[in-house]
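Quick note: the sequence shown uses UniProt numbering, first residue 1, plus one each step. Even for Gly, the Cβ is constructed at its ideal location relative to N, Cα and C. Worksheet: the structure to be examined is printed underneath.
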Amino acid sequence: MHGIAGLNKVIFRDAYEKPVFARYRSLFPGLGFAAGYKVSQRIYKFGGQPVVKDYMTKNHAAFFEHTFGDRNAKTMMHATAGSLIGIGEIALLPLDVLKIRAQTNPAAIAGKGVAHIFKTEGFALYRGAGWTAARNAPGSFALFGGSALAKEYIFQLEDYNNATFFQNFVASISGASASIIGASRVYLPA
Numbered sequence: 001m002h003g004i005a006g007l008n009k010v011i012f013r014d015a016y017e018k019p020v021f022a023r024y025r026s027l028f029p030g031l032g033f034a035a036g037y038k039v040s041q042r043i044y045k046f047g048g049q050p051v052v053k054d055y056m057t058k059n060h061a062a063f064f065e066h067t068f069g070d071r072n073a074k075t076m077m078h079a080t081a082g083s084l085i086g087i088g089e090i091a092l093l094p095l096d097v098l099k100i101r102a103q104t105n106p107a108a109i110a111g112k113g114v115a116h117i118f119k120t121e122g123f124a125l126y127r128g129a130g131w132t133a134a135r136n137a138p139g140s141f142a143l144f145g146g147s148a149l150a151k152e153y154i155f156q157l158e159d160y161n162n163a164t165f166f167q168n169f170v171a172s173i174s175g176a177s178a179s180i181i182g183a184s185r186v187y188l189p190a
């Protein structure tokens, strides 16, 4: 095995003789499930959190204001809504499981339709739901709470929807950093 042909055999393995596009796709097994999972997750998370936050503002603002004070109530409602949405992401767990299987053992799901897999596997596709909730609850709390905290305390915004691009940029970095720090303890031994 020498030269480009040898390199192609190493990189593309069984797909090295296939057309260029097929070779390229072979580098990304499970891409369809991964895209479906991530797109669904983002729509659910970033579309759902404001809905839950609005519900909390309408129905539970007095509790948050009494418990956390007027200034902190808004930030805590954003964070709590994020946490609840994070826990609800368990509903998308089967797509993540199928993505992982397609990436690590494509032969196990080859030729099987998604409906067939759901029917035969059932609730087994939800294995790990407890760990997912344990990771997502603090992670999403910190993601949305960190972003709200930056908008409240760094930029002192009354209405978070009036944030500029730069303010959203900084708030997003703050939230993402807080999320990584907050959820990392789930993965690390004590």
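Whole-Å CB distance - residue i paired with residue j, under 8 angstroms assumed
i: alanine 79; j: phenylalanine 144; result: 5 angstroms
i: threonine 75; j: alanine 148; result: 4 angstroms
i: tyrosine 44; j: leucine 93; result: With a Cβ gap of about 12 angstroms, tyrosine 44 and leucine 93 do not count as contacting.
i: alanine 133; j: isoleucine 181; result: Wrong, their Cβ atoms sit about 19 angstroms apart, outside the cutoff.
i: proline 106; j: proline 29; result: 5 angstroms
i: residue 222; j: lysine 53; result: Summary: the structure shown does not reach residue 222, with the chain confined to residues 1 through 190, and so no result is reported for it.
i: methionine 77; j: threonine 57; result: 6 angstroms
Neighbourhood of residue i by C-beta, 7 angstroms cutoff - its chain only, sequence neighbours within 5 removed
i: phenylalanine 33; result: Leu95, Leu98, Lys99 and Ala102
i: alanine 15; result: Ala22, Arg23 and Ser26
Residues of its chain near residue i, where Cβ-Cβ distance is below 6 angstroms and the 5 sequence neighbours each way are ignored
i: alanine 137; result: Ser83, Gly86 and Ile87
i: glutamate 65; result: Ala73
Top-ranked residue by Cα proximity to residue i, from the options
i: tyrosine 37; options: Lys58, Pro19 and Ile90; result: Ile90
i: proline 50; options: Ser174, Ala178 and Tyr160; result: Tyr160
i: glutamate 158; options: Tyr24, Tyr44, Arg71 and Arg42; result: Arg71
i: lysine 151; options: Trp131, Ser174 and Ser140; result: Ser174
i: tyrosine 153; options: His66, Val170, Ser140 and Gly139; result: Val170
i: leucine 178; options: Asn168, Gly146 and Gln167; result: With the sequence shown as reference, residue 178 is identified as alanine, and leucine is not the correct amino acid for it. Ranking Asn168, Gly146 and Gln167 by Cα distance to alanine 178 puts Gly146 first.
i: tryptophan 131; options: Glu17, Arg185, Ile109 and Gly48; result: Arg185
Residue interval of the alpha helix (DSSP H) (run including residue i)
i: glycine 86; result: 70-88
i: threonine 104; result: 93-104
i: glutamate 121; result: 114-121
i: lysine 9; result: 3-12
i: proline 138; result: 129-149
i: tyrosine 24; result: 20-26
Own chain, CB closer than 8 angstroms to residue i, minus 5 neighbours either side, in chain order
i: valine 114; result: Leu98
i: alanine 183; result: Arg135, Asn136, Pro138, Gly139 and Ala142
i: alanine 163; result: Lys151, Phe155, Leu157 and Ala171
i: isoleucine 109; result: Leu98, Arg101, Ala102 and Ile117
Residue i: CB within 7 angstroms of a non-hydrogen atom of the ligand FAD
i: alanine 178; result: Summarising the ligand content, the structure contains no ligands, and the ligand FAD is consequently not present.
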